[in-house]
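Beneath this line is the structure, given in C-alpha cells, with notes to follow.
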Amino acid sequence: MFDSHCHLTDDRFAADLDEVLDRAWAAGLTGIVTIASSADDARAAFDIARRDPRIHSTAGVHPHEAGSVRPEHYDAIRELCTAPGIVAIGETGLDYHYDNSPRDTQRAVFQRQLEIAADTGLPVVVHSRSADQDTAAMIRDAHASGVLHCFAGGVDLFETAMVAGWFISFAGLITFRNFANVDLLRATPRDRLLLETDSPYLAPVPHRGRRNEPAWVVETCRAAADLRGEDAALLAATTTANARRFYGLDGVGST
Ligand SMILES: [Zn+2]
Ligand SMILES: [Zn+2]
C-alpha cells in the first residue's frame, strides 16, 4: 500500500509524527509522499522525507497560497528539485471554491509550476476544485505529466486528463455514502489509478471527522475495490506500483 498524497508537515502531526508513521508501516504501507503547500513547506517536507527512505516529498505552492508567492519562491522550488527525494512539483492548481487567492494569480502561479515541471521532467500534483474548465485548458497545454489529486471533477476534466496521459487519484471521499463520482472511479484505467489520504484532512469512514493519517489509506483502498468490483489486495499492489511509477521511484529506496 502506498499513500500517494498527505501533509506530514501539518501542525496536527507535530506532536506524534513518529507514532503516526509507525502505524502506517504496521498497516502495510511501503511508501508515503508528503506534499508541499508552499516554498517554506517544501523545505520542511524535505526534512521529514530525509529521515526515512520510504518517505518522499514534493516542492510547490498550493492555490490557497498563490497570493503570497514571491519570485524567490520559484528559485527555491527549482533549487529543491535538484535534491534527491523530491519526486514532484506541487501541489499546485486552481481552487475556485474557496478562492483564497485571486483567480488570475492562481492561474499564473499554476502556469509557472507547470513550466518548472516541464523543465525538470518531474510530474506535477494538481489540486482542482470548482475549476474544471480552466484546469483542463492548462493541462492540455502543459508539457508535463501529472495527477489530479483527490479527484472530484466532471467528465470533461477526466477525459482531458486521460488524453494527456495523466493519473487520477482518489481520497477518503470515496468512502462517504454521498460520494457522487462512482462512475469516474470505475472508469479510471487500472494503470492510471492512485490512492491517497490527503491527511490530515478528509478521514475515510469509519474514521470520518477525526484527524486523518497515512495508515487509513487502507480504508480508501477497500472502498475503491468494492466500488470497482476488484480484489482489495490486488488493487493495493496495483496502486502501489502505479504510485512508484508516477513518482519515478522504481529502483529507488525500499520497495
Ligand atoms: Zn489538494
Ligand atoms: Zn493535499
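Numbering that gives the first Met the number 0 puts the first residue of the sequence shown at 0, with every later residue one more than the last.
All C-beta atoms, glycine included, are put in the ideal place defined by N, C-alpha and C.
Note on geometry: alpha-carbon atoms of E114 and R207 lie some 37 angstroms from one another. DSSP places F245 within a helical segment (H, G or I) once states are collapsed to three. Note on geometry: alpha-carbon atoms of R69 and R227 lie some 43 angstroms from one another. Partner residues in the beta bridge of C5, as assigned by DSSP, are T33. G66 and E229 have their C-alpha atoms roughly 42 angstroms apart.
Taking the CA atoms as reference points, E195 sits about 16 angstroms from R22. For D40, the three-state secondary structure derived from DSSP is helix. Residue state for T196 is assigned as coil, using DSSP reduced to three classes.
Comparing alpha carbon positions, the residue from D190, A44, T134 closest to P83 is A44. Taking a 10 Å sphere around the C-beta of D39, we find fewer than 16 other C-beta atoms and assign the residue as exposed.
In this structure, ligand 1 has a non-hydrogen atom nearer than 7 angstroms to the beta-carbon of C149.
The beta carbon of V19 sits closer than 8 angstroms to the beta carbons of L7, F12, E212, P213, A214 from its chain, once the five residues preceding and following it are set aside; these are given in chain order. Here DSSP, grouped into helix, strand and coil, assigns F150 to coil.
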